[in-house]
Structures are given as structure tokens and as C-alpha cells.
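Take a look at the structure set out below.
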Amino acid sequence: MTDLAVETRNLGKRYRASWALQDCSIDVPSGRVCGLVGSNGAGKTTLIRLLAGLSRPTTGHATVGGRPPADDPAFLREIGYLAQDVPLYRRWNAADHLALGAHMNEVWDQSVTVDRLRSLGIPLDRPIEALSGGMRAQVGLALALGKRPRVLLLDEPVAALDPLARRQFLASLAAAVGEGDLTVLLSSHLLADLERVCDHLVLLAGGRPVICSDIDALLASHKLLTAAARDTTAIEHHHHVVTSVRTPRQVTLTVKLDGPMLDPAWVVHDLGLEEIVLAYLEGGSVPTPDHALEVVR
Amino acid sequence: MTWLLWRQHRSQAAVAGAALVLFAVAVLITGVHMAHVYDDAVRNCPSNGACELVGQLFRGYGAIVDTVHLTIAVPLLFGAFVGATLVAREVEQSTNSLVWTQTVTRRRWLLSKVAVAVGAALVWGIAVSALVTWWSGTPNSLYGNRFEGAQFDTQNVVPVACALFGVCLGIAAGCVFRRTLPALAATIAGYAAVRVAVAVYLRPHYLAPITRTVAPGADAGIPPGSWTLNSALVDPPGHVITGRLGIPDPCVSAPTRAGLQDCLTRIGYRMKVTYQPPSHYWTFQWIEAGLFVALAACLLTFAVIRTLRHDA
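Heads up: the protein sequence lines correspond to chains A and B, in order.
Quick note on numbering: the first sequence equals residues 89 to 385 in my numbering.
Quick note on numbering: the second sequence equals residues 32 to 343 in my numbering.
Structural data, given as C-alpha cells:
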């Protein structure tokens, strides 16, 4: 079994009457860049905050970097976290934030972090409130990376950025991943942002995980099947049908294959990641864990 | 943590430090001068006959007198600007999630911040109280009463305890409201309400007052510097007369005020005076200080537990 960077079992969080996250059991292997997608309110922020130890679960448990989230240096040194909207001290400059990182962590890469910001042309001596959104996000990322975490938790870091800044941010992230043993969990409601950098995907819908899978395996196992109108019982028996569209003349199925597709009557098409995700979101039926989760271990 | 605390609070410390220095200079200069003036007046009054000093001597000193009396608000300033913002501003701007995911634990962060705020309140509280207490030596000997209003609240240990109470109330309000403005408003309102309630409803009862019953118009023999709580006329059956006294029939024809007093005494009216003697002063100071320190400790414990248990 692979070393898991993030593991949750039945993780749930209730705010007053409503559940923000429920029955969340996911595994993210070490070294992955895992995209966390879902519409607004799907539970992405809740999950990331639980994993960062900023809030406490109502049910279930989690481990991040092999440790349960806790107010404990042994856990805190393993994670890097960047919250939504990149909170920083507005009157401070980037150098102050790096000094904060240096003073509040046992491990701190001052020179690497300074070089990273310099190479991006970010002034270290200007107050944060005078920097662009893209620059702020880069300062936030540098701060999170400077403590050399094993697991980096990023909550919608690019949501508010323009396309160029977004691309630069993701490039910085990819470079950091290339440099060392780092697992990233990155949330976004825009799949296109994630496709470029992620090799693993968690899809949340209505506070529950719908997909948790390697992206290549996801693409390999999900196909669009078309055929002249016919009975689909056999297919439903052997595979998991995510969506089906029937017209009097034709049947179109989005299917997660659980083995070879032998029936020659069906024409098999490849699917893009976005189509697969949309199929699950439209399908509405939450699949059983056997089918949807852990496509490949 | 030390670096973070210094970086975050250095400007507050500079402003508070500058204010304290200015205040100290003003108090020292005027304090020395006023003591001189008072001593001269006391020394010379037997020869020039101007011994009625109260209300005459420091007529031109309103500015410094008001400034010193306004130090009653020092704990409130600490509560509002140091206490209420301490946690609330971080939560409001989400910077708590930034700090709480560094390797320093939330517990250590919170306890360090609280220690600095409470320590600062203590140091400034002691400094201001020491200056005011020293400066007030002259007005105290002039006016005598150290129990009431600005005297009791700005001298000796009570203002120090109140500084602790103010800052802890602010911290607790910040932890509850998690936003600066509501926390500030709650601190100001809460502080004022508690101080007034304590001064009005509790302070007179820390120790049983002394009661003297004398003839109307006679000298009750209350020691100078006492805090007179009540002084009322009692009719012959022993009922306290509230409101206007209807002059009783036998005395209606009394020609003068003195005659009326004699007449009232003769038919059994008495004056009942209730007061706290000056010997109660230090007990009162310690009781009230203890009360505010206890309140501060409760608020602080509540704030710390709540912040550590609450989700970020």
C-alpha cells in the first residue's frame, strides 16, 4: 500500500443544523497534487480547514502527513496552509511575513523563499496592501512553502486572480512540487485550473465525496457508450452507469467500467475530465463507495 | 513569538509610552508646584488669616486636575484598544489562520499575546496610579475625602485592578464577538456598567458603616475624611423622614432656624448620620481591587478556553 499523505474516515462537520461535510473518506497518496473540486458550498473549505487543524470534526477522523490534526508542533510542522483570499497582515511587507515564517517555524528556507519572490519580481519592502492580488497569493504561497511542509493545503488560492496571475501561481506551485517530496491538496471550483497541475482528483458534491481517484485512472475507466436503443441491464450489472440518456433511437451512457467492455454493439468514446466530473454532478445519484471511490489504489 | 509580539504591538507600545511620559512630566511639574503652594499657604495662614483654603488655592489648575481625574478612563482605553483588538482583529482579518498554521501552537500564541496585553495593563496601571497617588497628596490633604468618585477610583490599588479588569474584559469581548467594532462597543459599555454598579451598589457596603444619632443641627463629630453615606432626620417614633419635613405643630411658631432646631430636639427629633470612617479606606481599596482582579481572572479564563476550543 502506498504511503498516504491525507487519509480521512467518515469525516463530518456540522454547523448548527446543517452538515457542511459528511461521510468523507478519502485517501490521497504521498507526492500527489490533488485537486479538490466541487461547486460553492460543496464542503471544500470545510474539508481543508479540518485537515489544517483549524476546526474540529463532528464525526470521524483524519490524518495528514501521518498525524491527526492537532494543536501540536509535531503536526503543525508537517503542513502548509493558505486560506481563501490569502489573509496576510496588510500593513506589513513581504519581508516582514518572511521574518514571521522564520521566527515561528523550526525549519525555514529563508534564501529559497527570498529567491522565489525575487525571481517573480515581487518587492519585499512594499506593504501587502499595495501589492496586486497575484503578488499577494505568491507571498502567501512562499510563506506556506518556506516551512518545508510535507502536505500543502491550498483553499481556492487562484479564485480571485486574473488568468495570467493564475497561470503564474500554478507554475510556482508546479515548480515547488518538482523540487521535493510534497503533497498538495488544492481546491477550486474551476476544474480548468486544476487540470494543468493535478494528477489526483477529489470531487465533493453536497458535502460528500463523489470521486477520489488518480486522474489517469479516472480517464481510463470512464467511457461514453452509445448504441441504438437497447436494453442496458447487462451493462448496469457489470459496470457502474453514471448517467444515461435515452431517445427512441439511441442510448448514451456515461459509464465507469469495472472490466473489459466486450459487447460490440456499444461504441466506446473517450471522455475528458470535465465531462466525467459533470456527469457525476448531473447524475445526482451518489454512487456507492465501491464504485465511485478508490478507482485505483 | 517574541518577534511577532514586538512587530505587532510596537506602535501601540510607542504611543502608550509617549502618552505615559507626557503625563508623567505634567504630573511631576504640577505636583511639585502644588505641594509648594499648599505648604506656603498653610505656613502663612495663621499670620495672614487666609486659612479657608478649599476652593481658593488651586482655582487656576483646572486642566491638570481634570487630566488627573480622567485617568479613571485609562483601564477603559486599555480594554478597548489593547484587549478588544487582541484576538478580534486577527479573527476578523483571518490572520489567525495564518499564524495558527505555523509551527507555534495556538495555545502558545494565545497565552503569549494575553501575557503581553495583561502585563502592559499592569505596568501602565501601576505607573499611572503611582503618579496620580503621589500628585493627589496635596488635593487629598486639602479636601480630605478619599472615598468618592475620582479620588477612590484613581489612587492606590483600585486603578491597577481596574486596568487588569478592563484589558481582560476587552480580550473576552474580542473572543466572543470575533469582530473589532462590536468587541470595542461591548467593552466600553460593559466596563462602564460594571464600574458604576460596583461604585453605587457595592462599595458603600464593604464594611458596616458607623451610625451617629445627634440633635438636629448639632455637630455629629464625624472624623475628617469620612465618607458620609446618609444623613437624615428621624421623627420621635423613629421613622426616617424622606422628602420635605412638615413642621410639627409645637414648632410652627419657632422664630428662627436655631429656634426650630431647638424645638425639634425638645420634642424628640434626631439627626441620624451614617458614614464610613477614613480608617476603612484601605480595606475598601483592597476589597474593590480583589473584586476586579477576580472578575478579570474569570473573564480571562473564559476567553482562553473559548478561543482554544472554538474553530478558527
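Cβ atoms here follow ideal geometry from the backbone N, Cα and C, with glycine treated the same way.
query: Assuming residue 108 of chain A contacts residue 147 of chain A under a Cβ cut-off of 8 Å, what Cβ separation, rounded to an integer in Å, is found between them?
result: Looking up residue 108 of chain A in the first sequence gives position 20. Looking up residue 147 of chain A in the first sequence gives position 59. Not really, about 12 Å apart at Cβ, beyond 8 Å.
DSSP bridge partner residues for residue 334 of chain A (one or two, in chain order): As a position in the first sequence, residue 334 of chain A is number 246, starting the count at 1. A:339.
- prompt: When Cβ atoms are compared, which residues of the region 128-152 of chain B fall closer than 8 Å to chain A?
  reply: 128, 129, 130, 131, 132, 133, 134, 135, 136, 137 and 138
query: Opposite residue 222 of chain B in the DSSP bridges: which residues?
result: Locating residue 222 of chain B in the second sequence gives position 191, where the first residue counts as 1. Answer is none; residue 222 of chain B lacks a bridge partner.
field: Continuous alpha helix (DSSP H) stretch holding residue 138 of chain B: start and end
entry: Position 107 of the second sequence, counted from the start, is the residue given in the question as residue 138 of chain B. Looking at the DSSP string, the run of the alpha helix (DSSP H) that includes residue 138 of chain B is 137-166.
- request: Could you tell me the distance, in whole angstroms, from the CA atom of residue 264 of chain B to the CA atom of residue 294 of chain B?
  value: Locating residue 264 of chain B in the second sequence gives position 233, counting from the first residue. Locating residue 294 of chain B in the second sequence gives position 263, counting from the first residue. Approximately 14 Å, taken between the alpha carbons.
- prompt: To which residues of the same chain is residue 222 of chain A closer than 6 Å at the C-beta, ignoring the five residues directly before and after it?
  reply: Indexing the first sequence from 1 puts residue 222 of chain A at position 134. The residues are 249 and 253.
message: Let's see if you can read the secondary structure: which residues bound the beta strand (DSSP E) around residue 199 of chain A?
response: As a working mapping, residue 199 of chain A is identified with position 111 in the first sequence. Segment 198-207 is the alpha helix (DSSP H) holding residue 199 of chain A; no beta strand (DSSP E) there.
- prompt: Taking any Cβ of chain B, which residues in the region 193-225 of chain A have a Cβ under 7 Å from it, in chain order?
  reply: 193 and 194
field: Beta-bridge pairing of residue 42 of chain B - partner residues as DSSP gives them
entry: Locating residue 42 of chain B in the second sequence gives position 11, where the first residue counts as 1. None, per the DSSP bridge assignment.
- request: Examine chain B for any beta-carbon lying closer than 8 Å to the beta-carbon of residue 132 of chain A, and answer yes or no.
  value: On the first sequence, position 44 is the one that residue 132 of chain A refers to. No, residue 132 of chain A does not count as interfacial toward chain B.
- prompt: Between B:218, B:77, B:131 and B:91, which lies nearest to residue 342 of chain B when the distance is taken from Cα to Cα?
  reply: Here residue 342 of chain B is taken as the residue at index 311 of the second sequence, counted from 1. Looking at the Cα atoms, B:131 is the closest of the given residues.
field: Beta-carbon contacts of residue 323 of chain B that lie in its chain and below 6 Å, excluding the five residues immediately before and after
entry: Residue 323 of chain B sits at position 292 when you count from the first residue of the second sequence. Closer than 6 Å at the Cβ level, and outside the excluded window around residue 323 of chain B, lie 192, 193 and 196.
- prompt: Can you list the residues of chain A that residue 275 of chain B reaches, using a CB-CB cut of under 9 Å?
  reply: In the second sequence, the residue the question calls residue 275 of chain B occupies position 244. Near residue 275 of chain B there are no residues of chain A at all, since even the closest Cβ is about 60 Å away, more than 9 Å.
- request: Assign residue 132 of chain A to one of three DSSP states: helix, strand, or coil.
  value: If you number the first sequence from 1, residue 132 of chain A lands on position 44. In this structure, residue 132 of chain A counts as helix in the three-state DSSP scheme.
query: Counting pairs of Cβ atoms below 8 Å between the region 224-239 of chain B and the region 140-151 of chain B, do you hit three or more?
result: no
- prompt: Exposed or buried, what is residue 385 of chain A when buried is set at 16 or more other beta-carbons lying within 10 Å of its beta-carbon?
  reply: Residue numbering aside, residue 385 of chain A sits at position 297 when the first sequence is read from its first letter. Bear in mind that the predicted position of residue 385 of chain A carries a pLDDT of just 32, short of 50, making it too unreliable to give a figure here.
message: Three or more C-beta pairs under 8 Å: does that hold for the region 106-114 of chain B against the region 217-224 of chain B?
response: yes
message: So, at 8 Å on beta carbons, what are the nonlocal neighbours of residue 328 of chain B in its own chain, with the 5 sequence-adjacent residues on each side left out?
response: Start at 1 with the first residue of the second sequence, and residue 328 of chain B comes out as number 297. The residues are 199.
- request: Would you list, in chain order, the members of the region 143-169 of chain A that have their beta-carbon closer than 8 Å to a beta-carbon of chain B?
  value: 143, 144, 159, 160, 161, 164, 165, 167, 168 and 169
query: residue 213 of chain A by DSSP, collapsed to three states: which one?
result: On the first sequence, position 125 is the one that residue 213 of chain A refers to. Coil, per DSSP.
field: Partners in chain A for residue 343 of chain B, counting only beta-carbon separations shorter than 8 Å
entry: Reading the second sequence from its first residue, position 312 is the one you call residue 343 of chain B. Ordered by position in chain A, the residues that pass the 8 Å Cβ test against residue 343 of chain B are 137, 142 and 143.
message: Could you pull the DSSP bridge partners for residue 245 of chain B from this structure?
response: Locating residue 245 of chain B in the second sequence gives position 214, where the first residue counts as 1. Answer is B:302.
message: Based on DSSP bridge pairs, tell me the residues matched to residue 13 of chain B.
response: One cannot answer for residue 13 of chain B here, as it falls past the ends of chain B, which runs 32 to 343.
field: Nearest-angstrom Cα separation, counted from residue 228 of chain B out to residue 326 of chain B
entry: Within the second sequence, the letter at position 295 stands for residue 326 of chain B. Within the second sequence, the letter at position 197 stands for residue 228 of chain B. For residue 326 of chain B and residue 228 of chain B, the distance between alpha carbons rounds to 14 Å.
task: Kindly say whether residue 191 of chain A, judged by its beta-carbon, lies nearer than 8 Å to any beta-carbon of chain B.
output: As a first step, residue 191 of chain A is located in the first sequence; it is residue number 103 there, counting from the start. By this cut-off, residue 191 of chain A is an interface position.
- prompt: By Cβ distance below 7 Å, which residues in the same chain neighbour residue 130 of chain A in space, the five residues on each side in sequence not counted?
  reply: Stepping through the first sequence from its first residue, residue 130 of chain A is reached at position 42. Taken in chain order, the residues that qualify are 292, 293, 294 and 295.
- prompt: Where residue 95 of chain B and residue 300 of chain B are concerned, what is the direct C-alpha to C-alpha distance, given to the nearest angstrom?
  reply: In the second sequence, the residue the question calls residue 95 of chain B occupies position 64. In the second sequence, the residue the question calls residue 300 of chain B occupies position 269. Roughly 45 Å separates the two Cα atoms.
query: Which same chain residues, not among the five before or five after residue 119 of chain A, have their C-beta less than 7 Å away from its C-beta?
result: Sequence index remark: in the first sequence, residue 119 of chain A carries index 31 (1-based). The answer, listed in chain order, is 269 and 271.
query: Sorted by chain position, which residues of the same chain lie with C-beta nearer than 8 Å to residue 306 of chain A's C-beta, five sequence neighbours on each side aside?
result: Taking the first sequence and counting its residues from 1, one reaches residue 306 of chain A at position 218. Here the set comprises 289, 299, 361, 364 and 383.
message: I'd like the list of long-range same chain contacts for residue 128 of chain B, defined as Cβ closer than 8 Å, with 5 residues on each side in sequence excluded.
response: Numbered from 1 along the second sequence, position 97 holds the residue referred to as residue 128 of chain B. These residues qualify, in order along the chain: 343.
field: Sequence-distant residues of its chain with Cβ nearer than 6 Å to residue 238 of chain A (five each side left out)
entry: What you label residue 238 of chain A is simply residue 150 of the first sequence in a count that begins at 1. Excluding positions up to five away in sequence, the list reads 153 and 166.
Per-residue burial, residue 357 of chain A [other beta carbons within 10 Å of its own, 16 or more giving buried]: Within the first sequence, the letter at position 269 stands for residue 357 of chain A. By the neighbour-count rule (16 or more Cβ atoms within 10 Å), residue 357 of chain A is not buried but exposed.
query: Nearest to residue 89 of chain B by CA position, among B:162, B:42, B:169 and B:34, is which residue?
result: Counting from 1 along the second sequence, the entry for residue 89 of chain B is found at position 58. Residue 89 of chain B has its Cα closest to that of B:169, out of B:162, B:42, B:169 and B:34.
Best match in B:280, B:332 and B:209 for proximity to residue 119 of chain B [C-alpha to C-alpha]: Start at 1 with the first residue of the second sequence, and residue 119 of chain B comes out as number 88. Out of B:280, B:332 and B:209, B:209 has the C-alpha closest to the C-alpha of residue 119 of chain B.
field: Given residue 335 of chain A as reference, the closest of A:318, A:127, A:366 and A:326 once Cα atoms are compared
entry: Sequence index remark: in the first sequence, residue 335 of chain A carries index 247 (1-based). That would be A:318, whose Cα lies nearest to the Cα of residue 335 of chain A.
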